[in-house]
Amino acid sequence: MAGNRNSGVMAAGPLYFCHGAEHTFTIKAVDDNPWINQAFSTLKGPDDPDFPVTFTPDIGAVSKLTEQGVSWTIKCPPKPADAPIQTFPLFWLKSEFTSPYYTFDMPVSLGHHRIDFVEASGNEQFQVIEYGEETTLKAREISYYTKQAMPFAAKWKLGEQDLQAADPDASGWVTPYNFKPSTEGRHLINVTVPSLYYEQGYFRKELPVHALAVTPWGKDAVLQVNNKDEPDVVDRGVVCTRGKPLTLKLLNENLLLKDSTVSLLSADAKALGLTFSPDLNNERPVEGAELSWALNSATSAKSGLFKLQMHCSRLKRDWDITGHLLSKELKDEVEKIEVNGAPISDFGAVFFRGESRPLTIAFAESMRGLYVFLDETGSPGMTYNPPLKAPRKIPDDLKLEWQVTGGDRSSVFELQVVCADVETPLTIESRVMSKITTDEIESLKVNGEPVDLDHPEFLFFRSGTYTIELIPKPESSLIGLDVALKRGNGGELGMIYDPPLEEPHPLTEAGLKWTVTGGATQSGLFELLIYVPQVEQSLSVICRLLSTKLDDEVEVWIGGKDATSGGGVLFRGQPGTVKLEPKPGSPIEGYPIALKRTATSPLLPTDLSSEPVFDV
Numbered sequence: 001m002a003g004n005r006n007s008g009v010m011a012a013g014p015l016y017f018c019h020g021a022e023h024t025f026t027i028k029a030v031d032d033n034p035w036i037n038q039a040f041s042t043l044k045g046p047d048d049p050d051f052p053v054t055f056t057p058d059i060g061a062v063s064k065l066t067e068q069g070v071s072w073t074i075k076c077p078p079k080p081a082d083a084p085i086q087t088f089p090l091f092w093l094k095s096e097f098t099s100p101y102y103t104f105d106m107p108v109s110l111g112h113h114r115i116d117f118v119e120a121s122g123n124e125q126f127q128v129i130e131y132g133e134e135t136t137l138k139a140r141e142i143s144y145y146t147k148q149a150m151p152f153a154a155k156w157k158l159g160e161q162d163l164q165a166a167d168p169d170a171s172g173w174v175t176p177y178n179f180k181p182s183t184e185g186r187h188l189i190n191v192t193v194p195s196l197y198y199e200q201g202y203f204r205k206e207l208p209v210h211a212l213a214v215t216p217w218g219k220d221a222v223l224q225v226n227n228k229d230e231p232d233v234v235d236r237g238v239v240c241t242r243g244k245p246l247t248l249k250l251l252n253e254n255l256l257l258k259d260s261t262v263s264l265l266s267a268d269a270k271a272l273g274l275t276f277s278p279d280l281n282n283e284r285p286v287e288g289a290e291l292s293w294a295l296n297s298a299t300s301a302k303s304g305l306f307k308l309q310m311h312c313s314r315l316k317r318d319w320d321i322t323g324h325l326l327s328k329e330l331k332d333e334v335e336k337i338e339v340n341g342a343p344i345s346d347f348g349a350v351f352f353r354g355e356s357r358p359l360t361i362a363f364a365e366s367m368r369g370l371y372v373f374l375d376e377t378g379s380p381g382m383t384y385n386p387p388l389k390a391p392r393k394i395p396d397d398l399k400l401e402w403q404v405t406g407g408d409r410s411s412v413f414e415l416q417v418v419c420a421d422v423e424t425p426l427t428i429e430s431r432v433m434s435k436i437t438t439d440e441i442e443s444l445k446v447n448g449e450p451v452d453l454d455h456p457e458f459l460f461f462r463s464g465t466y467t468i469e470l471i472p473k474p475e476s477s478l479i480g481l482d483v484a485l486k487r488g489n490g491g492e493l494g495m496i497y498d499p500p501l502e503e504p505h506p507l508t509e510a511g512l513k514w515t516v517t518g519g520a521t522q523s524g525l526f527e528l529l530i531y532v533p534q535v536e537q538s539l540s541v542i543c544r545l546l547s548t549k550l551d552d553e554v555e556v557w558i559g560g561k562d563a564t565s566g567g568g569v570l571f572r573g574q575p576g577t578v579k580l581e582p583k584p585g586s587p588i589e590g591y592p593i594a595l596k597r598t599a600t601s602p603l604l605p606t607d608l609s610s611e612p613v614f615d616v
């Protein structure tokens, strides 16, 4: 206990008591103080007013000074927030061995001196500058002891720099401060109020705001799928294969997100049959450099797109991640394959030599945003635009197109659509061929007689039965395709076909045969098509149906007179003209005809000559 025995006054600074508080006042003796273990008492000054606080032990009670000192509990009654400050002197002390009392030259100030700011908010999250994020800092000013709102003017500061006033309202809420950072780093914002309770003369609540130049998603915090980095997850997303487990891991090696909580969210993943462990919406503390989730699905789950959101309590924006749940077979994720605007049939895609045709593939919704490329096996000399093996992103309309130009030879080959995220590529059986021409045909025969392939034509006679035989070249791309006979231009003429017209049959290396029976009553010119329905191509063959009687087909003129029925007269030594004219509707025009002679005795064949010559 420091004191001035000569003056009887103990000197010390002012004491600040607070409404609603319970303070402990302690006096300690200096070493070798003779008052140790001696009794002394307290007393208020004779001219002083009653104390506005209560003491325990009470004023006037005798206490003993020990080596540890002696203490009083001072209880200050609560007062309204606008209660004025009261000042009063502290009590007097008297030892049992001294006659004068010692007074403390230590005035007491009783008021709402100790202030606190509570419910401070606005600095819990990072502010991301690239998104233009800003925050509103808030705090409520109260008495530290009574917890009631206080009216003392405060200030928002950045370090020691004044930012704006922070005047409290009736509930203690100070004027909020809107802060939009333009530089990254920790901005040391605080709210400060004057307070004599503290040695520095003010109380300060720190609300540091941490600003980031860019979002940490995909930079400070990255994803791994099955322990492999996914650097393009923003563009491509996360790919799950039906029936196969997947581990999704969030890595935060610089621990920027430490002490936050992270959860995985999705509104539509479970509808596809995906399960998560830990479950969705489970807030998990970030205590180290990684968090992981196990994703599972049944083989029977649905393919489709789903959305994942990685949510962090310290970030305003979630990390939106596209998810793909796919079959291991790419063919299951393709809606349509077209060549030249028409869907391909079961036998595959057809291209023609030297001709460009668009190959269009429409993918399922589940494939949006993934990358595929086109490849081939068989090397038929094709050209592609875009080129083979060039990765292409599946767009929002889900369609990709390649211009495919046929090579200079016919062949059968395979196209493959390859996606790195799908186990088995899509295989498209394909062939390049000439347009359906005789280039693909080894022989075309009627009743075993070859037809001129440069000018194919069939000749039938009424009621006759004929076998048409089509034999492809050994390497022809027609082999394996369906072929049918089909009526083209011209009349029906009562023809009978077996197999019937337009009934397709696979063309084998051995060829195909049709039996054709000519109509019995009418001649005519008509067209048969050797038709390949899968490629909608055909080879046209001109056909003639003739009577076996020439006079059904032509009129004969000898010497300018009709000799069709009764014959004509030629005179010795005089030239005569024999003229044939096709009857109306007869297909004989253009058909080769020879003039023959038969001599009856006494004439000899050499007695007649002709130009053109006979029998030619």
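In the working numbering, the protein residues as written are 1 to 616. We treat Cβ as the ideally placed atom computed from N, Cα and C, and that holds for glycine.
- Where does Asp396 fall in DSSP's three states? coil
- Quick one: Cα of Thr56 to Cα of Val70, how far? 11 angstroms
- Message: Less than 8 angstroms between the C-beta atoms of Gly523 and Ser586, yes or no?
- Response: Gly is not the amino acid found at residue 523; the sequence shown has Ser there. Yes; because the gap between Cβ atoms is below 8 angstroms, this pair is in contact.
- Message: Going by DSSP in three states, Lys596 sits in which element: helix, strand or coil?
- Response: coil
- Task: Put Thr465 into one of helix, strand or coil per three-state DSSP.
- Result: strand
- Query: Does the separation of the CB atoms of Thr261 and Glu283 fall below 8 angstroms?
  - Reply: yes
- Note the first and the last residue of the continuous alpha helix (DSSP H) segment covering Val233. 233 to 236
- In chain order, what residues of the same chain lie with their CB nearer than 6 angstroms to the CB of Glu642, ignoring the 5 residues before and after it? Limits of the chain in this structure are 1 at one end and 616 at the other, which puts residue 642 out of reach.
- On a CA-only basis, which of Ile321, Thr215, Leu251, Ile344 is nearest Ile428? Give me that one, please. Ile344
- Would you decide whether Thr598 is buried or exposed? Buried here means 16 or more other CB atoms lie within 10 Å of its CB. exposed
- Message: Please give me, in chain order, every unbroken run of the beta strand (DSSP E) with length at least 3 that falls completely inside the stretch 319 to 362.
- Response: 319 to 326, 334 to 339, 349 to 352
- Go ahead and label Lys157 buried or exposed: buried means 16 or more other beta carbons lie within 10 angstroms of its beta carbon, across all protein chains shown. buried
- Query: Excluding five sequence neighbours on each side, which residues of the same chain lie with their C-beta closer than 8 angstroms to the C-beta of Leu604?
  - Reply: none
- Query: Hey, Ala364 and Glu335 are a contact pair by Cβ (cut 8 angstroms); roughly how many whole angstroms apart?
  - Reply: 6 angstroms
- Item | Start-to-end residues for the beta strand (DSSP E) that takes in Cys18 | 15 to 18
- On the premise that Leu539 lies in contact with Leu529, defined as a C-beta separation below 8 angstroms, what is that separation, rounded to the nearest angstrom? 7 angstroms
- Query: So does the stretch 441 to 448 actually touch the stretch 391 to 400, counting three or more Cβ pairs closer than 8 angstroms?
  - Reply: no
- Among Ile436, Ala420, Leu493, Phe352, the one whose alpha carbon lies nearest that of Leu330: Ala420
- What span of residues does the beta strand (DSSP E) with Arg204 cover, start to end? 202 to 206
- Among residues of its own chain, excluding the 5 on either side of Pro391, which ones have a beta-carbon nearer than 6 angstroms to its beta-carbon? Tyr371, Phe373
- Paired residues, beta bridge with Gly69 - DSSP: Thr66
- Limits of the unbroken beta strand (DSSP E) element including Trp217: Taken as a continuous stretch (DSSP letters only), Trp217 belongs to no beta strand (DSSP E), as it is neither H nor E.
- Message: Using C-beta distances below 8 angstroms, list every residue in its chain close to Leu459, excluding the 5 sequence neighbours before and after it, in chain order.
- Response: Val446, Cys543, Arg544, Leu546, Tyr591
- Name, in chain order, the residues that DSSP records as bridge partners for Glu581. Glu555
- Message: Need the endpoints of the beta strand (DSSP E) that Glu365 sits in, please.
- Response: Unbroken run through Glu365: none, as it is neither H nor E.
- Message: Measuring alpha carbon to alpha carbon, tell me which residue in Thr275, Ala213, Asp320 is nearest Ile129.
- Response: Ala213
- Item | Own chain partners of Trp72 with C-beta closer than 6 angstroms, once the 5 adjacent residues on each side are dropped | Phe25, Phe55
- Task: With His311 as the anchor, note down where its beta strand (DSSP E) starts and where it stops.
- Result: 304 to 312
- Which class does Thr564 belong to by DSSP, given the choice of helix, strand or coil? coil
- Determine contact between the stretch 113 to 126 and the stretch 307 to 321, defined as no fewer than three beta-carbon pairs at a distance below 8 angstroms. yes
- Item | Alpha carbon of Leu15 to alpha carbon of Ala21, nearest angstrom | 13 angstroms
- Query: Hey, how far is the Cα of Leu470 from the Cα of Phe347?
  - Reply: 21 angstroms
- Message: Spatial neighbours of Asn190 within its chain, please: C-beta separation below 7 angstroms, excluding the five flanking residues on both sides.
- Response: Lys157, Arg204, Lys205, Glu206, Leu207
- Query: Can you list, in chain order, the stretches of the beta strand (DSSP E) that have 3 or more residues and sit fully within the stretch 407 to 445?
  - Reply: 411 to 419, 426 to 433
- Query: Would the stretch 74 to 87 and the stretch 104 to 121 be scored as touching if the rule is three or more Cβ pairs under 8 angstroms?
  - Reply: yes
- Give me the Cα-Cα distance between Ser182 and Ala211, rounded to the nearest whole angstrom. 8 angstroms
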